[in-house]
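Protein chains in written order, with full-length UniProt numbering: chain A, 1 to 291; chain B, 1 to 291; chain C, 1 to 291; chain D, 1 to 291; chain E, 1 to 291; chain F, 1 to 291. Idealized CB from N, CA, C, for every residue including glycine. As the structure is a computational prediction, the values presented were derived from the model and not from experiment.
Number of protein chains: 6
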Amino acid sequence: MPTNEELRYPSPPPLASTTTTDDEAGWVWAQIKAEARRDAESEPALASYLYSTILSHSSLERSLAFHLGNKLCSSTLLSTLLYDLFLDTFASDPSLRVAAVADLRAARVRDPACVSFSHCLLNFKGFLACQAHRIAHKLWNQSRRPLALALHSRISDVFAIDIHPAAKIGKGILLDHATGVVIGETAVVGNNVSILHHVTLGGTGKASGDRHPKIGDGVLIGAGAIILGDVKIGEGAKIGAGSVVLIDVPPRTTTVGNPARLLGGKEKPTTHEECPGESMDHTSFISDYII
Amino acid sequence: MPTNEELRYPSPPPLASTTTTDDEAGWVWAQIKAEARRDAESEPALASYLYSTILSHSSLERSLAFHLGNKLCSSTLLSTLLYDLFLDTFASDPSLRVAAVADLRAARVRDPACVSFSHCLLNFKGFLACQAHRIAHKLWNQSRRPLALALHSRISDVFAIDIHPAAKIGKGILLDHATGVVIGETAVVGNNVSILHHVTLGGTGKASGDRHPKIGDGVLIGAGAIILGDVKIGEGAKIGAGSVVLIDVPPRTTTVGNPARLLGGKEKPTTHEECPGESMDHTSFISDYII
Amino acid sequence: MPTNEELRYPSPPPLASTTTTDDEAGWVWAQIKAEARRDAESEPALASYLYSTILSHSSLERSLAFHLGNKLCSSTLLSTLLYDLFLDTFASDPSLRVAAVADLRAARVRDPACVSFSHCLLNFKGFLACQAHRIAHKLWNQSRRPLALALHSRISDVFAIDIHPAAKIGKGILLDHATGVVIGETAVVGNNVSILHHVTLGGTGKASGDRHPKIGDGVLIGAGAIILGDVKIGEGAKIGAGSVVLIDVPPRTTTVGNPARLLGGKEKPTTHEECPGESMDHTSFISDYII
Amino acid sequence: MPTNEELRYPSPPPLASTTTTDDEAGWVWAQIKAEARRDAESEPALASYLYSTILSHSSLERSLAFHLGNKLCSSTLLSTLLYDLFLDTFASDPSLRVAAVADLRAARVRDPACVSFSHCLLNFKGFLACQAHRIAHKLWNQSRRPLALALHSRISDVFAIDIHPAAKIGKGILLDHATGVVIGETAVVGNNVSILHHVTLGGTGKASGDRHPKIGDGVLIGAGAIILGDVKIGEGAKIGAGSVVLIDVPPRTTTVGNPARLLGGKEKPTTHEECPGESMDHTSFISDYII
Amino acid sequence: MPTNEELRYPSPPPLASTTTTDDEAGWVWAQIKAEARRDAESEPALASYLYSTILSHSSLERSLAFHLGNKLCSSTLLSTLLYDLFLDTFASDPSLRVAAVADLRAARVRDPACVSFSHCLLNFKGFLACQAHRIAHKLWNQSRRPLALALHSRISDVFAIDIHPAAKIGKGILLDHATGVVIGETAVVGNNVSILHHVTLGGTGKASGDRHPKIGDGVLIGAGAIILGDVKIGEGAKIGAGSVVLIDVPPRTTTVGNPARLLGGKEKPTTHEECPGESMDHTSFISDYII
Amino acid sequence: MPTNEELRYPSPPPLASTTTTDDEAGWVWAQIKAEARRDAESEPALASYLYSTILSHSSLERSLAFHLGNKLCSSTLLSTLLYDLFLDTFASDPSLRVAAVADLRAARVRDPACVSFSHCLLNFKGFLACQAHRIAHKLWNQSRRPLALALHSRISDVFAIDIHPAAKIGKGILLDHATGVVIGETAVVGNNVSILHHVTLGGTGKASGDRHPKIGDGVLIGAGAIILGDVKIGEGAKIGAGSVVLIDVPPRTTTVGNPARLLGGKEKPTTHEECPGESMDHTSFISDYII
C-alpha cells in the first residue's frame, strides 16, 4: 500500500514576490482541475461529482457558486436562487476570489491532512463556510440584511458553523475541522489566522454595540477556546485549546487554561517569534503544562 | 450605510400587566407578518421564502409547523408527515403556542443580534430546536416514544442540538447560537433560562434513573459549560463559560473555571441581584478573572 | 402513564462464552426486526420509515447501507451511488458487520437512554457516523482516498462528527450524543472505548506524521475533553469532562481539569479497577472535585 | 402460479338500496386498508409506500390529500402546501369524498384490470387526476383561479391528463388508462361516464363562450375519440375508438369512424339498451365493422 | 360569482406598426409582472411560487431559465446546471426572447382559455416545451448534440411533448394542450402555426435524410392529426382533427378524415381566406361533415 | 457545421452467425462506454450525467438499474429501493439483458434519429419503459403483483407509456417516440415488432379473460393506430397510422384507415415481402392513399 506521503499531491510552490493575485488564482484553479481530473480517472464512482462540481466549470468562482448553492439550498431556498446570488456576488467583487485563493493556500500549507486544493474546495466545511460568510458579509454591508441572515442560518444548519454576517474576517483563514465555531456580530479576525473547531469569539451579553473579540494577524486559536467580550488578541498570539479568555492578550504570547493564564506570567509573559497562525504549532508549550 | 441600530425593527413593548397570552401571541404574529412583508418588498430574492414560510399562513402555529416540517424532513421522513404531526400537536395543546411566543420574546429582548421576531422564527436554530423538542416531549409523554426519538434524532442531525425528548424545558428559553447543546433525559430547565452553545446538561453514567441537572429559573449558562449529574443549579445562578460543574450551585451565585469554583468562595459566595438568564451579562465578573 | 422503565425493551442477555459473532449478529438483527415491527404496529405514522429502513431489508448490512445512503446523500452524491458503495463494502468485509454489532451492543448496554437496538440503529448519529467511518477507512486503506475523503466530508456535514478516514477505530465503541467529536488522521482508538460529545483527539500541528492520540481499550473520555498530540491514554483510563490533556495518562487513572491533573497526583495517581469505557461512570470522582 | 382470477380481491357487493353514501365510503375505506395491510405483509419492499400513503392515515380524504400532494408537488410548489390545500378543500366539501368513492367503485366494477380499490387509489392516474381536478374545479368556482390553473398545469405535467378546472365532471367516472385525455373549459360530463385514453372533448376555436361537448350520463367514449364543439352526446351513447365527432349524437346510439357515422344510419340509428359507460362494451358492434 | 369574462385580464393591444420587438418584449414582461403581483396579493398560497418564478427575476429570460430549469431537472441533471445553460443560451441569442414573446402573444390572442400572459408562462406545457426546444435546437446547431438530445429527452419525459432538436420551428407558435405532440428530425414549421395536442409530424421510416413534413405559415393542425413524410402543407391550410395526411396539401385548403380528403375534392378544393393558424377555427367545415 | 451524417456514430456491424448473445452484449456495452466517454470529453456540462449513469458502472444491467431507479423513483418510492429491486431482478434473469441488447440494436438499426446506443439507453423513453416493463412482468409472474402494479403506475406517470405488467412482450422491440402507447393485460407482442407513439393494444371491455390483441413477429404499427380485442395481427403485417382495427389481419398485409380496410381488398389483400417491423417503411403504400 502506498504511504500517505506517496499519495499526496505536490505541495504548492512558494509564491514568488512578483506573483500577482491573478496569476496565483489561475495557478490554483489549474491545479484544482488537474487534481479533479486525476481523481475522476482513478475513481469512476466519484467522477460524476467531480465533473458537476469542478470539471464542468470555467472558473473557481463558478465552481464555488455551484458547490455552495447545492450545499446550502433547502426545499424553501432553492439551489438555483442561491447559485444565481453567489454568481452575481462573485462577479461584482473580485476580492472574494482573492480571499478564497488565500484560504485554499492556507489550508493546503498549514493542514497536514489537506492533501490537495480540490480536497479543500470540495470537502472542508470550514473553507466553504468562510466563503459563504464572505458573501453574506457583502450582502450585509449592502443593507440586504434579511438575505444575509437567511444565508447565515443556512450555514449554521448545514455546517454547524455560526459566523454572524457582520463579522469582519481577513484573508488566509484556516477554520480547521470547524464544527462548532461561533463568531459574533462585532468580531474582527485579521489575516492568516488559524482557528480550530469549537472556538467561540463571543459577546458579553451587553446591549448592542461593540462586544466581541478583535483577533490580530497570525493568531492561532486552539480547539474549544472561548474568547468573550471586546478584547484584543495581539498579533501572533497563541490561545491554547480549551482556554477561556476574557481580557486582552499581548502579541506573540501564549495563553492556556481555564481560567486562562499567560505562559511566563502576567508580568513578563514568554514571547515566541514564529507566527503560530501559520505554523499551527499547538503544543510546543507542552513541557510547561501540568497533568 | 445605515447603522445596524437604524435598521433594527422596533423593540417589543413591555408586556402590560393585563396582557393575556392570547393578546401577546396575536401581537407577535402580527409583528412577524409585518416584518416579513417589509422584507419581501425590499428583497425580492427572499420573497418566495417569506411567503411560503410566513406570509401564506394564517397563524404562528401553522407557520412553525410548515417551517419545522421542511427543516426536519428527510427522504424517509416526509415533510407532509411531519407537517401533519406538528399541526395536530399544536392544535391539541395551546400551551405550545404560549411557550413559542415566550421564546420569541426572550430572543428578541435578550439577544442584541436578534433584529426582529421573524429573524428568530426563520433563522434561530436554538428557537426551532426548542419548539420541535416541545412537540417531541409531548409525544414522549403520550408514550409515542419511537416517534419522539425519531424526531429527537432529526433535530440532532439538522441543528446539531441534542435535547432528549423526556427533558422538561420551561418557557422563555433562549438557546443562543445553540450548536452543540446537549440536554439529557432527566434534566429539568426552569423558565427564563438562557443557555449558550456547546452547553452540556449531562448524565453521570449511572444506570437509568434521575441523573441529569435541574436548572432553576433565570439561570444563565455560558458557552461550553458542562454540568453533570443530578445537581441543582439555584435560580438566578450564573455558570461561567467553560465551567465544569459537578455539584450544586446556590441561587444567584456565579461559578467559573474547570474545575469550577464559586466566586467569593465556597463558604460565602458572592451573590448578585439581577436575573442573568434575562440580562445575559456574561462577563461582569471579569475583574475577578485571572489571565 | 407507564414509566420509562416499563416501556424499555428487554436488555440483551450476556453473551455466552460459546456464542459466535455470527450467532450474535443474527440475534441482534432478529431483535431489531422485532422491535421495529412492534413500533410500526403501535405508531402508524412511523411505520413507513420503519419498513423502508429496517423491515424491508434482509440483513443488518443492507439496512445500514440503505439508512446511511439516505442520510449521507446529497444532490451531487446520489443515494443510489452511496448505497451501492456501502453494500459492496459490507459484502467484501464481514468484520464491518461484527464491529457494527459490537457497537450496537455497546450503546444498548452502556447508555441508559438507549431503549432498544433499533433505537440506536435508526437514531444514534454516533453509531451511524462510526459505521460510515469504517467504510471510509476501508476505502482509505484501498487507496481510494478521494472517495474516502468525500465520505468523510458528508459525515462531518450531516452529523457534525469529524473522523479522519485514516483513523483506526476499534470495536464496541460508543460515541454518546456525538455532536462535535473530532478524531484526527493518525489517532488510534482501542476496543470498548466510550467517547462523549465534543471530544477532540487532535493533532499538534507539526508537519505530517504521527501526531494524534492513541487511546487504549476501555477508556472513557468525558464531554468536551481535548487530547492533543501523539500521546498515549492507558487502558481503562478516565478522562474527565472538559479536561485538556497534552501528555500520556497511565492506565486505570483519572484525569480532570484544564490544565489536566491526575487524581491522586502525578507521582502516585489513584487507580480504579472497573473499566470506565464500559461502566460509563463519569462522576464517581465527584467528592474529589472542588467548586 | 395462481391465476390472475385466483389472486383477485373479492369484488364489491352490490350496493343495497338502503346504503347511505357514508356507509359506502366507510366500507370502501375499510377495504382499502385491509387490502393495503395484506399487500404490506406479502411484499415488504412495498410496505413503506403502503404505510405512508394509506395505512398511516385516518381517512380516505387524508390518504388522497397526502398521495396527491406528493404526486403533484414540484420544487416550487411544495408538497406541504398542496397537502394543506387538499386537506382543507376535502374538509370543506363532503361531496368530494362521495365522488371519490363513486369513482373508486366505477374503476373496481368496470375495469377488469383493476384488482382492488387500493390498486385504483394508488396507481390509476385517471382516478388521481379526476380527484385533483375536482379540487381545482372547486377553487375555480371560488374565484381562486390562479391557484386552480397552477394545479391544472401540474396535473397535465404529471399525468399527461388535461382537464380545464372549469369543466364540470359528474360522479362515477372512469378515465381508463387516461394518458392524453383533454377536456376543455366549457365541457360537461355526466355521471357514470367511461372515457378511454387520448379522448378529446375539445373546443371549436371560437372566441370564449360555450364551445365544448356536453356528455350525457352513462356514455362510453372509446380510445382516441375526438369530440369537438358545443355538441350534445346523448345519454348512454357509445363513441367508437378513433371517432371524430362534430355534431350531436342521439341517446343510446353508437358512432364510429372518421368521419364519424351512426351505426344504423343517420335516419334510423340502431339503439342499444344497456349503459355502455358501465358495461364498457367497446366492440359489440364489431360484426358491423369493415376491414 | 364573477364570470370568467369579468375575471380575465385585459387583452393585449394590437401591435402598432412602429412597435419594435424590444418594446413588445418590455411591454409583455411588465404585464407578466403586474399579473403575478395581482395574483400573489389575492392568493397568498401561490405567492411563494409567483415570487420565485416571476417576481424575483429581472427579465423574461431569467424567469424562463429558472422555470424551465426547475421543470426539466432531474436527480442526475441538476437544476443549477440547466439554469446556467439556459441563461447562457438566452444571453447569446436575443432571437430566443423575441420568439418567446411571439409565442406568448399567440397563446394570449388565439386561446380563449389563456387568461393572461403569466398564465401561459407558468402553466402552458406547449409554450414551455417550445422554448426549451429552441434552446435544444441552438445547441444542436452548435454541434452540442449529446446535450441537445438529453434536453430533448427531458422535455419528452416531463411534458410528453417530443420535438426533435433538429426540427426547425418558427415564431408565434401555439401548441395548444400539447400533450402527445411529436415533431420529427427534419420537420419544418413556419410562423404563426397552431398545433393541437396529439399531432404527429412524423417520418416515413426511410433511412436518414429529409423525411418529415414541412408546415407553411399560418397553418392550423387539429387534435390527433397525423402527417407523415416529406410532404408540404401549404400556408394557411387547415388539417382537420384526426386526419391522416401522407401527401401535399395546397395552401388555404382544408383536409379531413382518415384517409384524408380535401374539402371540395382533390381537383378543385375549397379554399378559405382567413389564416386558421391564427383564427383557430377548427370546425367551420362542420356542415360538411357526415355522422 | 458538420452534417448530421458526419456526426453519427458508426453503425453496428451485422451480427455474424456465430455471435453469441454474450459477445453481443459485451460489444454493445463497450460501444456505449466509448460513446459516453467521447461525449463526456466534448461536453463537460454533460460529463457528470454520463459518469453517474454510464461510465461509473461495471455492466449494462447496473447502468440500467441506476438510470431506471432515478427516473422512476418518487418521494414515496425511493430510488434506492427501486435500484435494489432492479439489480436483483437483472441478476436473477439473464434473459433481461439479452432482451435489452436486442432492443438497443433495434433502435440503433431501425430509427434514423438514433445516433448511438448510448443515446437510446439514456434518452429513449420507449426503450426505458420497455426494460422497466420487463422487470414488472417478471414480478407479476412471481405473483408480486402489488409491486408490479406500483411499477406499472410509475412508468405510466413518468413516461406516459402504459404497459400492463401481465402483457407479454418479445425481443427486438422498438417503441418509437412512445408517448401514449397503451398495451393491455392480455396482449402479446412478438419479436422484432416496431410500435409508434399513441398506439393502443386495447381490450374489449368484456369481463376479465383474454381480451387484447396478439401481435405477430415483425409487425409495424403506425402512430395512433388502435387495435382492440383478442384479434390476431399476422406476422409481418403493417398497420397504417391512425387505423382502427377490430378484427384479424393476415400476415404480410397492410391495413389503413378508420374504419380500417386491407390494401388490395378483404378477399385478396396485397402482400409484401419485407419485414416492416424492421424496415420501418411507414408509407410505401402512399400511392394507394387518397386525399
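Measuring CA to CA, which of E:239, E:175, E:271 and E:242 is closest to residue 104 (chain E)?
-> Closest in C-alpha terms to residue 104 (chain E), from the list E:239, E:175, E:271 and E:242, comes E:175.
What are the residues that DSSP puts in a beta bridge with residue 220 (chain E)? E:194 and E:238
For residue 48 (chain C), return the contacting residues in chain D, with the cut-off set at a CB-CB distance below 7 Å. 48, 51, 52 and 56
Discussion item. Quick check: is the beta carbon of residue 132 (chain B) nearer than 7 Å to any beta carbon in chain E?
Written reply: It does not: the Cβ of residue 132 (chain B) has no partner Cβ on chain E nearer than 7 Å.
At the level of alpha carbons, what is the spacing between residue 164 (chain A) and residue 172 (chain A)?
19 Å
Practice problem: Identify whether residue 54 (chain C) lies in helix, strand or coil by the three-state DSSP scheme. | Solution: helix
Which class does residue 89 (chain B) belong to by DSSP, given the choice of helix, strand or coil?
-> helix
Worksheet entry | Same chain, Cβ closer than 6 Å to residue 87 (chain C), neighbours up to 5 away in sequence not counted | 65
**Prompt:** Beta carbon of residue 169 (chain D), beta carbon of residue 129 (chain D): below 7 Å?
**Reply:** no
*asked:* The alpha helix (DSSP H) that contains residue 103 (chain C), what's its start and end?
replied: DSSP places residue 103 (chain C) in the uninterrupted alpha helix (DSSP H) bounded by 95 to 110.
Backbone CA spacing between residue 200 (chain E) and residue 281 (chain E) [nearest angstrom]: 20 Å
Q: Within its chain, find whatever has a CB closer than 7 Å to the CB of residue 99 (chain A); leave out the 5 residues flanking it on each side and keep chain order.
A: 134 and 171
For residue 25 (chain C) versus residue 97 (chain C), is the C-beta spacing smaller than 7 Å?
-> yes
Could you check whether the Cβ of residue 5 (chain C) sits closer than 7 Å to any Cβ belonging to chain F? For residue 5 (chain C), the predicted structure reports a pLDDT of 45, less than 50, and the residue's modelled location is therefore unreliable. A value from the coordinates is still provided. It does not: the Cβ of residue 5 (chain C) has no partner Cβ on chain F nearer than 7 Å.
**Request:** For the alpha helix (DSSP H) containing residue 155 (chain B), list its first residue and its last residue.
**Result:** Its alpha helix (DSSP H) spans residues 145 to 159.
Fill in: Supposed close pair residue 49 (chain A), residue 89 (chain C) - CB separation, criterion 8 Å
The pair is not a contact, with the Cβ atoms about 18 Å apart (cut-off 8 Å).
Simplified DSSP state of residue 7 (chain C), which is helix, strand or coil = Unreliable positioning characterises residue 7 (chain C) in this predicted model, as indicated by a pLDDT of 46, which lies under 50. The coordinate reading is nonetheless provided below. Looking at residue 7 (chain C) - three-state DSSP - the assignment turns out to be helix.
Checklist entry - Which of the three DSSP states, helix, strand or coil, is assigned to residue 266 (chain A)? => result coil
Next on the checklist: Using a Cβ-Cβ distance cut-off of 7 Å, determine whether residue 157 (chain D) contacts chain F.
Outcome noted: no
* For residue 245 (chain D): DSSP bridge partner residues -> D:227
Next item on the list: List the residues of chain C whose Cβ lies closer than 8 Å to the Cβ of residue 39 (chain A), in chain order.
Entry: 146
Margin query: Suppose you measure from the CA of residue 271 (chain E) to the CA of residue 219 (chain E); what does that come to, to the nearest Å?
Written below: 13 Å
Quick one: what's residue 254 (chain A) bridged to in DSSP?
A:238
| said: Does residue 216 (chain D) pass the burial test, meaning 16 or more other C-beta atoms within 10 Å, or should it be called exposed? | reply: buried
- How many Å lie between residue 246 (chain A) and residue 223 (chain B) at the Cα? 13 Å
Tell me the DSSP bridge mates of residue 261 (chain A)? A:256
Could you list which residues in chain E have their beta carbon closer than 7 Å to that of residue 44 (chain B), in chain order? 51, 55 and 56
| request: Could you list which residues in chain C have their beta carbon closer than 7 Å to that of residue 75 (chain E), in chain order? | output: 78
Determine, using beta carbons only, whether residue 90 (chain E) comes closer than 7 Å to chain A.
no
Check the Cβ-Cβ distances between residue 306 (chain C) and every residue of chain B, and say whether any is below 7 Å.
With chain C covering only 1 through 291, there is no way to say anything about residue 306 (chain C).
Quiz prompt | Residues bridged to residue 215 (chain B) (per DSSP) | solution = Bridge partners of residue 215 (chain B): B:189 and B:233.
Item checked: Limits of the alpha helix (DSSP H) - the one that residue 205 (chain D) falls within -> Note, residue 205 (chain D): premise wrong, no alpha helix (DSSP H); not H, not E.
query: How long is the line joining the alpha carbons of residue 211 (chain D) and residue 167 (chain D), rounded to whole angstroms?
result: It is roughly 11 Å from the alpha-carbon of residue 211 (chain D) to the alpha-carbon of residue 167 (chain D).
Is it right to say residue 2 (chain B) is buried, meaning 16 or more other beta carbons lie within 10 angstroms of its own, or is it exposed?
-> With a pLDDT of 44 at residue 2 (chain B), under the threshold of 50, the modelled position of that residue is not reliable, and the figure given next carries that caveat. Burial call: exposed.
Q | DSSP-derived helix/strand/coil call for residue 163 (chain E) | A | Residue 163 (chain E) falls in the strand class under three-state DSSP.
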